[in-house]
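Those sequence lines, one after another, are chains A and B.
Straight run, no breaks: the first sequence in the numbering used here ends on number 143.
Straight run, no breaks: the second sequence in the numbering used here ends on number 143.
Built from N, CA and C at the ideal position, the CB exists for glycine as well.
Remember, it's a predicted structure, so these values are computed and weren't measured experimentally.
There are 2 protein chains.
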Amino acid sequence: MGSVEKKMPRINERLATSGLRLTPQREHVYDVLLAERDHPTAEQVFLRAKKDMPDISMATVYNCLDALVTSGLVKQVNLDRGATRFCPNMHEHCHFYCESCGGVYDIGLTRARPEVPMPRGFKATHLELSIRGLCPDCAARKK
Amino acid sequence: MGSVEKKMPRINERLATSGLRLTPQREHVYDVLLAERDHPTAEQVFLRAKKDMPDISMATVYNCLDALVTSGLVKQVNLDRGATRFCPNMHEHCHFYCESCGGVYDIGLTRARPEVPMPRGFKATHLELSIRGLCPDCAARKK
DNA sequence: TTGAGATTTAGAATTATTCCAAGTATTGAC
DNA sequence: GTCAATACTTGGAATAATTCTAAATCTCAA
Numbered sequence: 001m002g003s004v005e006k007k008m009p010r011i012n013e014r015l016a017t018s019g020l021r022l023t024p025q026r027e028h029v030y031d032v033l034l035a036e037r038d039h040p041t042a043e044q045v046f047l048r049a050k051k052d053m054p055d056i057s058m059a060t061v062y063n064c065l066d067a068l069v070t071s072g073l074v075k076q077v078n079l080d081r082g083a084t085r086f087c088p089n090m091h092e093h094c095h096f097y098c099e100s101c102g103g104v105y106d107i108g109l110t111r112a113r114p115e116v117p118m119p120r121g122f123k124a125t126h127l128e129l130s131i132r133g134l135c136p137d138c139a140a141r142k143k
Numbered sequence: 001m002g003s004v005e006k007k008m009p010r011i012n013e014r015l016a017t018s019g020l021r022l023t024p025q026r027e028h029v030y031d032v033l034l035a036e037r038d039h040p041t042a043e044q045v046f047l048r049a050k051k052d053m054p055d056i057s058m059a060t061v062y063n064c065l066d067a068l069v070t071s072g073l074v075k076q077v078n079l080d081r082g083a084t085r086f087c088p089n090m091h092e093h094c095h096f097y098c099e100s101c102g103g104v105y106d107i108g109l110t111r112a113r114p115e116v117p118m119p120r121g122f123k124a125t126h127l128e129l130s131i132r133g134l135c136p137d138c139a140a141r142k143k
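Set out below in structure tokens:
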């Protein structure tokens, strides 16, 4: 972390524009997401968050994650039937889902985003790209 | 439907190559998906399937959907925190998710698929594109 | 016809998420 | 600063979605 000076005003302001407050719990949940960018589930966030904030509750973790998502600081990632995952990387990127281990990885998008012709009436706000396959570890193991 | 001649051998063969059998339940669940292409959840499939096959059970619907997915006849669609949806359209297309009503629509892809440079070691099997926004009805209503 | 293996079924169990009510904290008006 | 209004956190209950289990049934091939 260590970027409190830069992170703090941003997160505060982002929450504020959605009518939400910056609380110790929300900041901590955000820090947990920033610390290990492996797209954890709410449950994993809860376990990690408890290390430094033992009294935080599951309900609060869900609340914080929702607050971060609605204020545009975090992305919600749904790639399979399992639990929703969370991603604090708001740069344009896509997700790679390993069909063997279930891991999720960020993949940078260098090229221009794909153009999709919208049928009449549809208003697109944004576009998501995901890729399924084998991550390096699983690919090596299957060889 | 009425395309039994064309549908039957295909579904049978597809299931067979995954070591699965064509059963009345599996065929019926597939027909339900083909009949109304609104990306129903397992629950909705269950309710529709019961109309013509009153004794079918929820567990069987899940089993059938899994069988159809693993044999490549149906796609599983996960766009939000809610229940998984199912799509029998196996042509290249992407999904539009309406953030207001939760509806899911197929959008044809006319252009070439986007190119994404894979980091070393990742083996991509396929690529999924989804678009979020407002469907025509909801867009009109919000005007 | 028989036996092995696949499938269906109802219901229990599990997992993921949301809801609720009570207590606590924060903010703005005064 | 004080007070009321509002937002937030919490534990636990409730709900929703999915998976598991064990027994009955079916199908295929020998």
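Helix, strand or coil at residue i [DSSP, three-state]
i	result
F122 of chain A	coil
V77 of chain B	strand
C138 of chain A	helix
T23 of chain A	coil
I131 of chain A	strand
P114 of chain A	coil
D38 of chain A	coil
D55 of chain A	coil
L15 of chain A	helix
Extent of the continuous beta strand (DSSP E) run through residue i
i	result
H93 of chain A	93-98
I106 of chain B	Per the sequence shown, the amino acid found at residue 106 of chain B is Asp instead of Ile. Unbroken beta strand (DSSP E) run through D106 of chain B: 104-108.
R85 of chain B	85-87
Integer-rounded CB distance, given that residue j should sit under 8 Å from residue i
i	j	result
L15 of chain B	A67 of chain B	6 Å
H95 of chain B	L73 of chain B	Between L73 of chain B and H95 of chain B the Cβ distance is about 17 Å, and since that is not below 8 Å, they are no contact.
V45 of chain A	L34 of chain A	Rounded, the Cβ-Cβ distance is 11 Å, inconsistent with contact.
V144 of chain A	R120 of chain A	The displayed coordinates of chain A run from 1 to 143. Any statement about residue 144 of chain A would go beyond what the structure contains.
D52 of chain A	H28 of chain A	7 Å
P114 of chain B	P114 of chain A	4 Å
T70 of chain B	Q25 of chain B	About 16 Å; that fails the 8 Å criterion.
Contacts around residue i, its chain only, beta-carbon distance under 7 Å, and the 5 residues preceding and following it disregarded
i	result
C138 of chain B	C98, S100, C101
G19 of chain B	none
N12 of chain B	L22
A49 of chain A	H28, V29, V32, I56, V61
A124 of chain B	M118
P9 of chain A	none
Alpha helix (DSSP H) segment containing residue i, residue limits
i	result
R48 of chain A	42-52
C101 of chain B	Note, C101 of chain B: premise wrong, no alpha helix (DSSP H); not H, not E.
D66 of chain B	58-70
Close-in-space but distant-in-sequence residues of the same chain around residue i (CB under 6 Å, 5 per side omitted)
i	result
K75 of chain B	C87
I131 of chain A	F96
T41 of chain A	A83, R85
D106 of chain A	N89, H93
E122 of chain A	The amino acid at residue 122 of chain A is misidentified as Glu; the sequence shows Phe. Cβ within range, chain order: n/a, list empty.
L129 of chain B	C94
R37 of chain A	none
I108 of chain B	The sequence as given places Gly at residue 108 of chain B; Ile does not occur at that position. H93.
M58 of chain A	F46
Nonlocal neighbours in the same chain, by C-beta distance under 8 Å from residue i, ignoring five residues either side
i	result
D142 of chain B	The amino acid occupying residue 142 of chain B in the given sequence is Lys; Asp does not appear at that position. Only S100, L134 meet the Cβ criterion.
V77 of chain B	H39, T84, R85, F86, C87, H95, V104
Y62 of chain A	A42
T17 of chain B	S71
P136 of chain A	none
A140 of chain A	none
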